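Residue numbers (this note's numbering), protein chains in the order written: chain A, 18 to 147; chain B, 107 to 252.
Built from N, CA and C at the ideal position, the CB exists for glycine as well.
Source: prediction; values computed, not measured.
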């Protein structure tokens, strides 16, 4: 129980989610390396996403994650592990906060990647016609 | 002209990185309770930011003439490591570091263009360093349990 709660705790940390985003983005950009346009659009989207995170996503992501108590305090271990109901707390935290918050973040990021894919396909088709 | 712009960008990047590390260290130490320390976190991250800024400046400074290509690779590595710090600290120190990332990235691309090198290997190295640095820092955070 405690181990599962610990796994859920770490999986829900913003750093881990960011690491997954970085890794997936790097793999996708590597996959696109044969198309320079798509590859550079991928790099550009990563940089633009970095700008979006602390601006557009500050309120819908950072506020719910920290629950108004500050990022460091919200992540203090003692706050969770002194509670006997660690697993149920983590599960309800995932259901009520983490999934809605990270769904917005990941949908926006994936939306950008899908848009790049279709944009480059359209541009290639347009170039082939010309 | 291009070389001068590279120098300016590298100096801007180094000043931003070291400046932010200094300002955040001062700010963090002023809000900490007595007996608390900056070590290991956020001290390690702030020290890494400052060192990366200086390494980026050194790499751009030595990436001239017929110097070996690893100076260009070092700049790419600095860019990757800084991007990982921007991501991991996206709601704290990250946004302030972003201009330094852009400065070193543009300097690296300009140096590649000037010396007729392909940028792809350096960007690939940046991606590897980015991931490795993020994994290392998260492992340290987990080890210190903060």
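Residue range of the alpha helix (DSSP H) that residue i falls in?
i                     : result
residue 134 (chain B) : 108-137
residue 80 (chain A)  : 80-83
residue 72 (chain A)  : 53-72
residue 149 (chain B) : 149-168
residue 197 (chain B) : Counting along the chain, residue 197 (chain B) falls outside any alpha helix (DSSP H), and DSSP gives it neither H nor E.
residue 146 (chain A) : 116-146
residue 19 (chain A)  : 19-28
Cα separation between residue i and residue j?
i                     : j                     : result
residue 112 (chain B) : residue 164 (chain B) : 12 Å
residue 110 (chain B) : residue 170 (chain B) : 11 Å
residue 260 (chain B) : residue 222 (chain B) : This structure leaves residue 260 (chain B) out entirely; chain B is present only between 107 and 252.
residue 123 (chain B) : residue 132 (chain B) : 14 Å
residue 95 (chain A)  : residue 146 (chain B) : At residue 95 (chain A) the pLDDT is 49, less than 50, meaning the model places this residue with poor confidence and gives no usable figure here.
residue 130 (chain B) : residue 120 (chain B) : 15 Å
residue 245 (chain B) : residue 148 (chain B) : 14 Å
residue 117 (chain A) : residue 218 (chain B) : 43 Å
residue 45 (chain A)  : residue 38 (chain A)  : 10 Å
residue 211 (chain B) : residue 136 (chain A) : 25 Å
residue 70 (chain A)  : residue 197 (chain B) : 8 Å
residue 141 (chain A) : residue 132 (chain A) : 14 Å
residue 194 (chain B) : residue 43 (chain A)  : 16 Å
residue 106 (chain A) : residue 19 (chain A)  : 11 Å
residue 121 (chain A) : residue 127 (chain A) : 10 Å
residue 124 (chain A) : residue 130 (chain A) : 10 Å
residue 118 (chain B) : residue 147 (chain A) : 43 Å
residue 229 (chain B) : residue 32 (chain A)  : 22 Å
Look at the Cβ atom of residue i, then the Cβ atom of residue j, and state whether they are nearer than 7 Å.
i                     : j                     : result
residue 162 (chain B) : residue 137 (chain B) : no
residue 59 (chain A)  : residue 47 (chain A)  : no
residue 213 (chain B) : residue 166 (chain B) : yes
residue 209 (chain B) : residue 144 (chain B) : no
residue 182 (chain B) : residue 232 (chain B) : yes
residue 103 (chain A) : residue 22 (chain A)  : yes
residue 126 (chain B) : residue 186 (chain B) : no
residue 220 (chain B) : residue 108 (chain B) : yes
residue 202 (chain B) : residue 67 (chain A)  : no
Could you tell me which chain D residues have their CB closer than 9 Å to the CB of residue i, listed as they occur along the chain?
i                     : result
residue 200 (chain B) : No chain D appears in this structure, whose protein chains are A and B.
Exercise for the section: State whether the segment 227-240 of chain B contacts the segment 180-200 of chain B, with contact taken as three or more CB pairs (one from each stretch) at a distance under 8 Å. Expected result: yes
Problem - Against chain B: residues of the segment 19-38 of chain A by CB proximity under 9 Å - result: 27, 30, 31, 32, 33, 35, 36 and 38
Practice task
Evaluate contact between the segment 51-58 of chain A and the segment 69-77 of chain A, counting only Cβ atoms and requiring at least three cross-stretch pairs below 8 Å.
Solution key: no
Practice task
Please confirm if the segment 26-37 of chain A is in contact with the segment 108-126 of chain A, defined as three or more CB-CB distances below 8 Å between the two stretches.
Solution key: yes
Handout entry: Against chain A: residues of the segment 184-198 of chain B by CB proximity under 8 Å
Key = 189, 190, 192, 193, 194, 196, 197 and 198
Problem - Residues, ordered as in the chain, of the segment 214-229 of chain B that lie near chain A by beta-carbon distance below 9 Å - result: 226 and 229
Problem - Members of the segment 228-246 of chain B near chain A, C-beta cut-off 9 Å - result: Cβ contacts with chain A: 229, 230, 233, 234, 236, 237, 240, 241, 243 and 244.
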